[in-house]
Each structure stands twice: as structure tokens, then as C-alpha cells.
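This report concerns only the one structure given below.
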Amino acid sequence: MAARPLLLSLHGGAGALFGVLLFVVLFSGAWSLGHDDLREWLRAPAQAGGEALALERLLERAGEEGVDIGDATLLLPAPGHAAFSVCDARLDCRLDLDPASGRVLPPTPALDLLLNLHKSLFVGFPGRVLVSLIGVSLLLLCLAGVLLHSRRWRDLRRWRRDRGLRLALFDLHGLIGIWGLPWLLLFGFTGALSGLGALGTLLLAPVAYPQEPNRVFVELMGPPPPAAEGRPLASRIDLDRLLAGDAVRAPGFVAQRLSLSHAGDVAGSVEIAGIQRGLPSTANFERHRYRLADGALLGERSSAQRGFWLRAFIAVQPLHFAQYQWLGPGWSAALRGLHLAMGLGACLLCASGLYLWLQRRASAPDARVRLLQRLSQGFCAGLVAAAALLLLGLQLAPSELLAGPWPGRLFLVLWAAAGLAALLLPGDWPLARGLLGVAGLACLAAAVAHLAPWLMRGRLPALGSDLTLILCGALLIRHAWMQARAAAPPAHPRVTGDHHA
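14 is the number of the first residue of the sequence shown in this note's numbering; add one for each residue after it.
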């Protein structure tokens, strides 16, 4: 019992200190899980269906569009990524093609904003380390929460929704924390290892290889491709035939991308990267390299060849970003959906925790409480509203405008405006309620705007993104309504007829 006040202080204090930034990381992480699905969600109905063109023909189309295909990485069409993408070595994709027609698909760089926000908070490698530290704070919050609720097994099913907003959110906070604990620990642990592991690699590289620190990356990622010889390549093996032969040679291997190196040179090579069924890894570590001239195998690398600890570290990324393709299509889709649901639940867990902490101190708020209230309204509710309006804007905008900078700028301006409004408006202004209501309406409108052209053509799209938007929109509107109801003054006893009110 003596430790309970300490745990309460630790849980509440850590949540108050890191809550706003934790919500930003969790929300952008949930966005990252649905990033590929949202990109396909923006495709027009006319761009769907049809048999894929040969890879050589798609490469010709990329060359006609002015893209250098001598040293390029090609992302192959797959579930969740229906386009044929031509990228550079850093996977910065320059061109998306419809694999059935070779038509250029408009890029949507604005969708990458929240993906980059989750990875580095827009500040590069230091931001990546900071995001990992937020993962550590999530682990501490989970540990303190479990210790606080360790003897309250009745809370596993209790949700008192008819006794006010505060009590309903208190029970919901406990329900998500208890039932979602394995996923919360997964998010925190893998998120912490992702950035801190990279930092440790950078710091230890000069210790492991004092004369050649970059050698650690060669050991981790493999040697570079063979150097060019300066002689032109007369003819090369057909890429589709090479892929078919690789599938026969390595059963269970699913190709995801091709990397061409010195494609016009006699020493040119192509690397087939993908995932191996039953092996938690990524395309960065499962690779087969072939010579372009005759299709001879030059070498292959796999995480299965590494030691236990390195294999465990490699498994962090697919587990963190719900890349479950190594389990097969059925399990992959189910676990990815559950992963996204738990990510959204973690956002609700964080938001409800902030709300409860602020409500306990609402009667006598000090400067830090007022500041946290403004930050949570502007930068948490504002982020949700800006993201929802971004989706609505992208759905309604003409395709030629999707590639421009204005959608991303609109998102940043809306988010910044919400933050400034929270800092400048009076404290009793119902900003969060308004932002959540706007976000809910925008989610519903975006789903309707996407479904309408499909239904007008008598076709039905994949409904995962639309159903998620409809559910989120309904919940946001309901929560805004509940906040308005909770903030309303109680009715006069003469009106209610209850003289004991």
C-alpha cells in the first residue's frame, strides 16, 4: 500500500511530462500502419484492375518519363501497394506507374508527412533517437499502470458508460491498458530498440573497427554490388524470367523489389529482395543477387545466416511496423488489422490519460496544468483535425494537384494554427471539442467522397480504409458531443423535478 502513492505519482507524472509528445508519436505511428492502404485509397476507380505488363515494358515507360533506370530500385506490385514504383537506392520513389497500363499515377507526398513525423519528428537522426526515448517512456507507463491495477481483476470487464464522461474514460483507460498490454509493450519495446539500436551501432562502430568504422555497415547490410567495367552490355536476361527462376530456386521467398546496378554495363547486376515465409525479417536482409548478362547467381544473404541477437534485432522492424507478410497472406491481413486497431487504441489510451490527469487538477489549476491543457488541445486534437482535413482535401482535389506541395503545407498550417489558437484563446474556450467535431465530420466526408465515384460506376472498392474512417469519425463526433454534454451546467431542480439535485 505504501508504494501505491509513488506509483500513482510516477504514472501520472510521466504521462503528464511525455503525454503530448507520446500522443503525436502514437497517432503518427497508427498513420504509418495505414500509409500504404491510404495511398491505394486515393487511387481513382479507373486505375484499378487489368493484367500487369511485363517488367521490361514498365521499365521502358519509366525511361520514357525521364527516369534513370540504370541504377534504380523497383518496388513490385503487392497487396497494399498496387503501383509499380521506380525509386533510387534510398527508396525515394520518383515515379509510380499503373502496372496494367503503364500510365503515370499521381504521387501523394503529403501522405508521407506523418510517416516522417513518426520516424524522426522532422529533425533527422536526433528525432529518431527522441522517438525511441518516447518508446521507453511508454514502457515505464505500462509498467506503472500494471502495478497499479495488478489486484483489480474486476476491471477486466467494467466500463461504466452511464455515470459521466470522466468515469467512462477512467474505465476505458483501464480496459485498453489491460487488454492491450501485449501490444503496448510491443510498441514501446520495438520502438525503443529501433532508434537506440541505430545510435548504439554508430557509437560502437569506431570501437569495433577503429581503422574502418564503416565496415560495420558492410557486415550488417552486405557488400556493395560489383563495380562497372566500362564495357556496354549487349543483351541481358529478361527480368520476368529471372523472377520466375528465383521463385523456383528459393520456394517460400516472396520478391518485393528489384535493385538494378550498372544496368548498361557488362558487369551489371540485379538484386531481388523480399521476405522469406516463416522468417521475421525485411527486404533489407533477404536478398539474392544475379548477373544481368546471363542470370547467374552471384550471392545471397539472409538473416537466417546471422547470430541470434542480430536476428532478434532484425525482427524489430517487421514487428513494429506490422510487416507480417512472412506469416502468409491470411495471417498477415488479420494481424495487420489488429495491429492498427491497437495503435488507435493506444492513441485513445494516451488521450484519456491526459484528460483524466487534467480533470483531477481542474479545480485549482496552476501554470503547468494550464499549459499542458493548452498543448494537449492544440497539438493533440489539432493533429487529429489536421490529418482528417488532409485526407478530405486529398480525396476532393484534382489528381494533378495531389503531387504539389499545397496539401502538405495545408496540413502543417492547420496543425500550427490549432496550436497557436490553443495558446492564445481564453482557457475556457471549447477548442478541443470543436477540433474533434471537425475531425469526425472530415473523416465521414472523406469516406463518402471516396465511395461515391466507385458506387456510381457500379463497383465496390476495398472497404478497410473507409470503414476505419467511418468508425473513427463516428467516435470523434460522439466524444465531442459527450464533452459538450459534460460541460453543460446542471439543470435547475424545478426543471428536473428532483428537489434533491
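Quick reminder that beta carbons are idealized off the backbone N, C-alpha and C, glycines included.
Check, Outcome
"Residue interval of the beta strand (DSSP E) (run including A286)", "282-289"
"Residues of its chain near Y222, where Cβ-Cβ distance is below 8 Å and the 5 sequence neighbours each way are ignored", "R228, V229"
"Outcome for L480 when other beta-carbon atoms lying within 10 angstroms are tallied against a minimum of 16", "exposed"
"Same chain only: Cβ atoms within 6 Å of V149, ignoring 5 sequence neighbours per side", "A205"
"Three-state secondary structure (DSSP) of D307", "coil"
"G137 versus V397 - alpha carbon distance", "23 Å"
"Backbone CA spacing between L357 and F40 [nearest angstrom]", "7 Å"
"Burial state of P18 (16 or more Cβ within 10 Å)", "exposed"
"Contact between the stretch 263-282 and the stretch 82-93 (3+ Cβ pairs under 8 Å)", "yes"
"For A268: DSSP bridge partner residues", "G287"
"Bridge partner(s) assigned by DSSP for F11", "No answer is possible for residue 11: the residues shown for the chain start at 14 and end at 514."
"Three-way DSSP call (helix, strand, coil) for V508 in this model", "Caution is warranted here: a pLDDT of 41 is assigned to V508, below 50, making its placement in the model unreliable, and the coordinate value is therefore given only provisionally. The answer is helix: DSSP assigns V508 an H, G or I state."
"Straight-line gap, A460 to G450 (C-alpha atoms, nearest Å)", "16 Å"
"Per DSSP, the bridge partner or partners of T295", "None, per the DSSP bridge assignment."
"Boundaries of the beta strand (DSSP E) in which V107 is found, first to last residue", "In the sequence on display, residue 107 carries Arg and not Val. 106-110 is the extent of the beta strand (DSSP E) around R107."
"Cβ neighbours of A27 in the same chain (closer than 8 Å, five flanking residues each side left out)", "S150, L153, L154, A157"
"Start and end residues, beta strand (DSSP E) containing T86", "86-88"
"Where L30 falls: helix, strand or coil (DSSP)", "helix"
"Three-state class that DSSP yields for L256 in the structure shown", "helix"
"S294 versus L124, L310, A268, residue with shortest Cα-Cα distance", "A268"
"Distance, L473 Cα to A61 Cα", "In this prediction, A61 scores a pLDDT of 49, lower than 50, which makes its location untrustworthy; the coordinate-derived value is nonetheless stated afterwards. Rounded to the nearest angstrom, the two C-alpha atoms are 11 Å apart."
"Straight-line Cα distance separating G391 from A431", "5 Å"
"C-alpha gap between G258 and L126, whole angstroms", "38 Å"
"A247 classed as buried or exposed, judged by whether at least 16 other C-beta atoms fall within 10 angstroms", "exposed"
"Cβ neighbour criterion (16 or more within 10 Å) applied to G440", "exposed"
"Identity of the residue in V159, A96, F202, T203 nearest F188 by Cα", "One detail in the question is off: residue 188 reads as Leu in this sequence, not Phe. Ranking the options by Cα distance to L188, first place goes to V159."
"Local Cβ density within 10 Å of Q224, reported as buried at 16 or more and exposed below that", "exposed"
"Three-state class that DSSP yields for R179 in the structure shown", "helix"
"Rounded distance between the beta-carbons of L256 and I288, thought under 8 Å", "That pair is no contact at about 15 Å."
"Cβ neighbours of A218 in the same chain (closer than 6 Å, five flanking residues each side left out)", "P226, V229"
"Contact belief for C456 with V33 at Cβ below 8 Å, rounded distance in angstroms", "About 22 Å; that fails the 8 Å criterion."
"Cα-Cα separation, R270 to G208", "25 Å"
"DSSP bridge partner residues for F596 (one or two, in chain order)", "There is simply no residue 596 to check, as the chain begins at 14 and stops at 514 in what is shown."
"Whether F183 touches L369 by CB criterion (8 Å)", "yes"
"L104 beta carbon less than 8 Å from that of F518", "The chain is shown only over 14 to 514; residue 518 falls outside these bounds and no answer can be derived."
"Bounding residues of the alpha helix (DSSP H) (the contiguous stretch that carries A515)", "This structure does not reach residue 515, given that the chain is present from 14 up to 514, and the question cannot be answered."
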